Amino acid sequence: EETLGKFRTGELHILLATQVIEIGVDVPDASMMVVMNSERFGMAQLHQLRGRVGRGTRQSKCILIASTVTGLNRLKILEQSSDGFHLANMDLLLRGPGDLLGKKQSGHLPEFPITRLEVDGNILQDAHVAALVNIV
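Numbering (this note's numbering), first residue to last: 188 to 323.
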């Protein structure tokens, strides 16, 4: 809190932080952010992080550095959209849902062989709506 306070007041000009700043930090004068190893973050997280700069009147930049080709391809998608929901869905398609009943937070897993949520989610949603409409 003390360090963040000094950054807010301009006493500190650089803040080195973890993704804890993703939510709830509002420093309108913050004008540049650099995210190293951006492939380790979900696209929705990166979208939140880039929203931490450019809140004031100053020109701002968010520089995302990826160290893999896959990470760079994900950044191209991020560059083309400012819609957080779209980015979260794209991330789901690219990285997979992970283990719904376990600890793995991303990846395409074979444990749910009937469907893939990232591909068939709309079918499941339609079935859910149809079931609600047809409840007797």
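Ideal Cβ positions, reconstructed from N, Cα and C, are used throughout, including at glycine.
Since we're looking at a predicted model, the values are computed, not measured.
Rounded separation between F228 and L311 - CA only: Cα-Cα distance, rounded: 27 angstroms.
Nearest residue (CA-CA) to A231, options C249, V316, S269: Nearest option by C-alpha distance: S269.
Whose CA, out of A217, V240, E188, A317, lies closest to the CA of G197? Each of A217, V240, E188, A317 was checked against the Cα of G197, and the nearest Cα belongs to A217.
Can you give the Cα-Cα distance for V240 and V316, rounded to whole angstroms? C-alpha of V240 to C-alpha of V316: approximately 39 angstroms in a straight line.
In chain order, what residues of the same chain have a beta carbon less than 8 angstroms from the beta carbon of V212, not counting five sequence neighbours either side? L191, R239, listed in sequence order.
Chain-order list of residues whose beta-carbon lies under 7 angstroms from that of K193 (same chain, five-residue window excluded): Its chain contains L199 as the residues whose beta carbon lies nearer than 7 angstroms to that of K193, once the 5 sequence neighbours on both sides are disregarded; these appear in chain order.
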